[in-house]
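Respectively, the protein sequence lines represent chains Y and L.
For reference, each letter of the first sequence is one residue, going 1 to 348 in the numbering used here.
For reference, each letter of the second sequence is one residue, going 1001 to 1348 in the numbering used here.
All C-beta atoms in this analysis are idealised placements derived from N, C-alpha and C, irrespective of residue type, glycine included.
2 protein chains.
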Amino acid sequence: MVNALPLGDSNSLVVTYADIAAAAERLQGKAHHTPVMTSTTVDRLTQSQVFFKCENFQRIGAFKFRGAYNAMAQLSPEQRERGVLAFSSGNHAQAIALSGQLLNIPTTIFMPEDAPAVKLAATRGYGAEIVLFDRATQSREELGHQVAQERGLTLIPPYDHPQVIAGQGTTAKELIAEVGPLDFLLVCCGGGGLLSGCAIAAHTLSPGCQIIGVEPKLADDATRSFHSRTLQTVHNPNTIADGARTPYLGKYTFPLVLHYVHDMVTVSEAAILRTMFFLWERLKLVVEPTGALAAAALLEGVVSAPGARVGVIISGGNVDLKQAAKLFAKASRLSKPLPPIPWARELS
Amino acid sequence: MVNALPLGDSNSLVVTYADIAAAAERLQGKAHHTPVMTSTTVDRLTQSQVFFKCENFQRIGAFKFRGAYNAMAQLSPEQRERGVLAFSSGNHAQAIALSGQLLNIPTTIFMPEDAPAVKLAATRGYGAEIVLFDRATQSREELGHQVAQERGLTLIPPYDHPQVIAGQGTTAKELIAEVGPLDFLLVCCGGGGLLSGCAIAAHTLSPGCQIIGVEPKLADDATRSFHSRTLQTVHNPNTIADGARTPYLGKYTFPLVLHYVHDMVTVSEAAILRTMFFLWERLKLVVEPTGALAAAALLEGVVSAPGARVGVIISGGNVDLKQAAKLFAKASRLSKPLPPIPWARELS
């Protein structure tokens, strides 16, 4: 069931299950062991047995803490003393900042000037130094590499890093350890760190499990890359799933995705919104748009798995309520002209 | 530490820990064993170790399922065949309807004509027969008793019923079994079913624990009853915590509250709103206004317990998002002229 190796040989598969098991030990007592939620309503609607792994309850509100901490915990004493650098306006920024606080490593985060004030404050609250840049005129990569070199900082990228990938893989490891083998595992995909890490874990712990990556239709680079077996890109896709706006898979994640993932699918913006608020209203879970991607594939019938045991990863819950209120208004406006949800009749 | 017995002798204390233990066995595999959540942010802000028992994840979205199921599971074969009657426009209605579906008992629910369509649909969805009445011109008690007598139905009240109280007490039993002894247990109070049940459980399982009931200031009948040791009432209080609009404690719950509860406190409407959205945004929990009452007492500094182990019951999460969006707008308008939250400086 596993695809033939692309892009050279097995040397390109830099992360193994042993790395994930080691990451799990490092994260013991540091990351939350997040709950797995079930819902009789969801099971009835999908005709499956569904297990939601709720990383919205992870520290900093998203799975990103796992990878950041796992990478930073392995730095040498010298690297720790000099500090870590990251680029991010989102969950990775907070993950790096909190890991730095816990490990006593100074952190510098490059954030765009127009990042939401609440995210700047949260990241600064964990003790990170914030460096603002103008994304219209400055390249964060250039700036960052320059600062990293000047100050001797270690750059921790948000997904394309073996120890980050191994950390994210502990999510699926925990899920399968708790609920047992799965027939399907649905995971959202931005840069592919969570997807590839979880795919490696599931491949070892639940060998029959089909791993399916889920992207927004508007940011379908990984899906196109997967099916064409050639790296594809997107530029500033206008999806509400901000965690999936990443322009391309990485040099580590792409081969891992090709090797361990069984299929990639996409969901519409309307499907993401509907699913997000369904999870809020019915499951009582505050989920961010990206966090609803995997669930959307199942609840909207893109993936249909009657009778199967299905793991669904809810990747995060960092949405500010002002933005959510706007999205809710948008969802309400959208709900009329759209085709009905496959199971809408059952609910009426 | 337990108050002297009021209103006669110990015969007025109709529920014992043994009833709660028996209820827990009946609920095994029927009710969800809801997760306990912790938050390093909350612990830091309150200087306590806080354990949130999340009944918003209970079946039907609130603790009410426990009491309804426990009461209905003990009906005789004749009573089951004739069926059950309840009055409720809220969580009790859905709890009775779902319990009826699971136990194969027909249910009839009296709901006011102006109940939200979504609640009518949800209750009907569990197979209950809905009888609408005009609350301006008809007394639901009179109507209900008439119908109950005509059809031989058994009336299950929402809180003032020994087996309902015993069922609700399983909430605290589960919490203490999972996290160990507590110094404080904070529980919201409407009619006192959840509060008295949980107080009995904590009294046995965590003998040093101080049990504190929390009401809205606008619906403070139980607090006044507790302090005056005489039953007090409120009429149609205009609190957003709709589960706490109950006009008075019951003939079973009042003696139990006086005997087992250590203190009663109240929180403002602004405190309820702020806490509710704090729980949404920071803990990623969708909580209804009543569900935020107990947490509000702690987060707003009404109860201060530095160094203590504090259990907080989140009673439910049934709020529709349209209403929540309105409440959020209200909270945003309120936030300026109000006195700052005690820990606001720490967050800025």
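Do we get a CB-CB distance below 8 Å when we pair residue i with the residues of chain Y?
i, result
"L:Glu1269", "no"
"L:Glu1281", "yes"
"L:Leu1306", "Position check: residue 1306 of chain L holds Pro in this sequence, whereas Leu was assumed. No, L:Pro1306 does not count as interfacial toward chain Y."
"L:Ala1325", "yes"
"L:Met1037", "yes"
"L:Gly1190", "no"
"L:Asn1056", "yes"
"L:Leu1321", "yes"
"L:Gly1061", "yes"
"L:Phe1277", "yes"
"L:Asn1003", "Below a pLDDT of 50, predicted positions are generally treated as unreliable, and L:Asn1003, at 44, falls in that range; the measurement from the model is reported next regardless. No, because no Cβ of chain Y sits closer than 8 Å to the Cβ of L:Asn1003."
"L:Val1015", "no"
Taking all protein chains shown into account, decide if residue i is buried (16 or more other Cβ within 10 angstroms of its Cβ) or exposed.
i, result
"L:Glu1300", "buried"
"L:Lys1251", "exposed"
"Y:His32", "buried"
"Y:His203", "buried"
"L:Thr1233", "exposed"
"L:Arg1055", "A small fix is needed here, since residue 1055 of chain L is Glu in this sequence, not Arg. Under this definition L:Glu1055 is a buried residue."
"Y:Asn349", "Absent from the structure is residue 349 of chain Y, since the part of chain Y shown begins at 1 and ends at 348."
"Y:Val287", "buried"
"L:Pro1306", "exposed"
"Y:Pro158", "buried"
"Y:Ser76", "exposed"
"Y:Gln163", "buried"
"Y:Glu269", "buried"
Since residue i contacts residue j with CB under 8 Å, what's their CB separation in whole angstroms?
i, j, result
"L:Phe1328", "Y:Ala325", "6 Å"
"L:Ile1313", "L:Lys1053", "5 Å"
"Y:Ala98", "Y:Ile60", "Note on residue identity: the sequence assigns Leu, not Ala, to residue 98 of chain Y. 5 Å between Cβ atoms; contact."
"Y:Val36", "Y:Phe51", "5 Å"
"L:Pro1181", "L:Cys1209", "7 Å"
"L:Gly1169", "L:Ile1020", "4 Å"
"Y:Ala71", "Y:His161", "6 Å"
"Y:Val15", "Y:Ala166", "5 Å"
"Y:Ala292", "Y:Ile272", "5 Å"
"Y:Ala241", "Y:Thr275", "Contact doesn't hold; Cβ gap of about 11 Å is too wide."
Taking 8 Å as the limit between beta carbons, can you name the residues of its chain near residue i, skipping five residues before and five after?
i, result
"Y:Arg333", "none"
"Y:Arg282", "Ser39, Thr41 and Val42"
"L:Val1179", "Val1036, Phe1051, Arg1309 and Gly1311"
"Y:Leu153", "Arg82, Gly83, Val84, Leu85, Thr108 and Val147"
"L:Gly1100", "Met1072, Gly1083, Val1084, Pro1106, Thr1107, Tyr1126, Gly1127 and Ala1128"
For residue i, which residues in the same chain have their Cβ closer than 6 Å to its Cβ, ignoring the five residues on either side in sequence?
i, result
"L:Thr955", "In this structure chain L extends from 1001 to 1348, so residue 955 of chain L is not present and cannot be described."
"Y:Arg80", "Ile105"
"Y:Glu113", "Leu132 and Asp134"
"L:Thr1223", "Glu1215, Met1264 and Thr1266"
"L:Asp1221", "Gln1232, Thr1233, Val1234 and Tyr1248"
"Y:Ala95", "Ile60, Lys64, Phe65 and Ala68"
So, does the CB of residue i fall closer than 8 Å to a CB anywhere in chain L?
i, result
"Y:Gly243", "no"
"Y:Lys284", "yes"
"Y:Pro340", "The predicted position of Y:Pro340 is uncertain, since its pLDDT is 40 and thus under 50; no value can be drawn from it."
"Y:Gly317", "yes"
"Y:Phe133", "no"
"Y:Phe328", "yes"
"Y:Arg333", "no"
Here's a check: name, in chain order, each residue in its chain whose Cβ is nearer than 7 Å to the Cβ of residue i, leaving out the five neighbours to either side.
i, result
"Y:Phe277", "Phe328 and Ala331"
"L:His1262", "Met1001, Gln1210, Ile1211 and Ile1212"
"L:Ala1024", "Thr1170 and Lys1173"
"Y:Lys30", "Tyr69 and Leu102"
Can you tell me whether residue i sits near the ligand ATP, meaning its C-beta is under 7 Å from at least one heavy atom of the ligand?
i, result
"L:Gly1127", "Because no ligand of any kind appears in the structure shown, any question about the ligand ATP cannot be addressed here."
> Which whole runs of the alpha helix (DSSP H) in the stretch 238 to 275 of chain Y are 4 residues long or more, in chain order?
Replying inline: As far as the stretch 238 to 275 of chain Y is concerned, its whole alpha helix (DSSP H) runs of at least 4 residues are 253 to 260.
> Which residue spans inside the stretch 160 to 219 of chain Y form an unbroken alpha helix (DSSP H) run of at least 4?
Replying inline: For the stretch 160 to 219 of chain Y, whole alpha helix (DSSP H) runs of length 4 or above, ordered along the chain, are 162 to 179 and 193 to 205.
> Hey, which unbroken runs of the alpha helix (DSSP H) at 4 residues or more fall wholly within the stretch 36 to 84 of chain Y?
Replying inline: 40 to 46, 64 to 72 and 77 to 82
>> At 4 residues or longer, what runs of the alpha helix (DSSP H) sit wholly inside the stretch 107 to 153 of chain Y?
In response: Taking only runs of at least 4 residues, the alpha helix (DSSP H) segments lying wholly in the stretch 107 to 153 of chain Y are 117 to 125 and 140 to 151.
> What alpha helix (DSSP H) runs, 4 residues minimum, are completely inside the stretch 1271 to 1326 of chain L?
Replying inline: Complete alpha helix (DSSP H) runs here, min 4: 1293 to 1299.
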